[in-house]
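Single-structure report; data block below.
Residue numbers (our numbering), protein chains in the order written: chain C, 8 to 118; chain A, 39 to 154.
Put into structure tokens, the structure is as follows:
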């Protein structure tokens with residue numbers, strides 16, 4: 008079973024920041040938080056991952072709380088092409104990690 | 039195109055027939071995963087390989103399912119005696135799988151199986 012809890016859906020206005028929350032209260036010390044997204048009829052796409060520190064790349068920022076029990080994915084300027092299902096996953100990664108997906112959050116970016 | 043390639047993209051088969059799907063991972067990736075996804079659900083893990091060794095199999099992988107990665111490069115997933123419940127998108131992913139570094143998985147576009 009997935010170890011994360013996400014809202015089933017969210018809306019965001021085009022050009023505004025999209026903030027997608029994720030709860031992972033049972034995360035263990037060496038598990039990472041991964042975010043993937045899946046645009047309709049395509050395979051999932053990696054976005055970002057982190058362990059303890061906040062992370063930023065060209066796609067998004069990942070904010071992880073100090074106790075690591077929750078995180079937020081931030082898309083700073085959402086576009087219509089960001090409409091997708093976003094999955095938050097905790098995984099050991101590396102030598103052990105298969106990814107256990109939940110149902111994710113359906114983000115709808117509206118004009 | 040240097041991404042993960044899956045063939046065929048679509049497959050329609052009659053119940054009881056056998057089907058085989060192929061996945062070509064990114065060339066330097068030593069880890070390869072198979073997932074299944076049904077409508078409205080997230081992908082479900084089936085199995086993964088480290089090079090040619092199949093290291094983990096989900097309980098979802100019934101004895102009608104078999105996966106191989108004979109030379110540690112491409113992989114095949116075979117379903118024998120297909121059932122209507124096997125209708126799904128079958129996704130393949132690959133990653134570097136370095137033991138001391140977490141690396142992301144890259145997914146293919148999937149093979150959509152319809153059993154009629």
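Note that beta-carbon positions come from the ideal geometry of N, C-alpha and C, so glycine has one too.
Scanning chain C for C-beta atoms nearer than 8 Å to the C-beta of residue 142/A yields 41, 53 and 56, reported in chain order. Within chain C, the residues 43, 45, 49, 50, 51, 52 and 53 have their CB atoms less than 9 Å from the CB of residue 145/A, given in chain order.
Around residue 109/C, the beta-carbon contacts reaching into chain A at under 7 Å are 80. Cβ-Cβ separation between residue 60/A and residue 44/A: approximately 7 Å, consistent with a contact (criterion under 8 Å). By the 16-neighbour rule on beta-carbons within 10 angstroms, residue 38/C is buried. For residue 82/A, the enclosing beta strand (DSSP E) covers residues 82-88. Contact annotation for residue 94/C against chain A: 80 [CB-CB distance below 8 Å, chain order].
Against chain A, a Cβ distance below 7 Å from residue 105/C picks out 71, 83, 86 and 94. Within the DSSP secondary-structure output, residue 48/A pairs in a beta bridge with 150/A. Between the alpha carbons of residue 73/C and residue 59/C lies a gap of roughly 7 Å.
For residue 129/A, the C-beta contacts it makes with chain C under 7 Å involve 50, in order along the chain.
Rounded to whole angstroms, the gap between the alpha carbons of residue 83/A and residue 131/A is 11 Å. Residue pairing by DSSP places residue 41/C opposite 56/C and 96/C in a beta bridge.
Our two residues, residue 62/C and residue 66/A, have alpha carbons roughly 26 Å apart in a direct line. Residue 148/A reaches chain C at 48, 49 and 50, counting residues in chain order whose Cβ is nearer than 9 Å. Classified as buried, residue 143/A has 16 or more neighbouring CB atoms from the shown chains inside 10 Å of its CB.
By the 16-neighbour rule on beta-carbons within 10 angstroms, residue 50/C is buried.
The shortest CA-to-CA distance from residue 123/A to any of 153/A, 90/A, 104/A and 50/A is the one to 153/A.
By the 16-neighbour rule on beta-carbons within 10 angstroms, residue 77/A is exposed. Excluding five sequence positions before and after residue 125/A, the CB atoms of its chain that fall closer than 7 Å to its own CB belong to 151, 152 and 153, given in chain order.
With a 10 Å radius around the Cβ and a threshold of 16 neighbouring Cβ atoms, residue 71/C comes out buried. Take the alpha-carbon of residue 29/C and the one of residue 75/C: they are about 11 Å apart. Scanning 118/A, 72/A, 108/A and 127/A for the CA closest to the CA of residue 133/A turns up 72/A.
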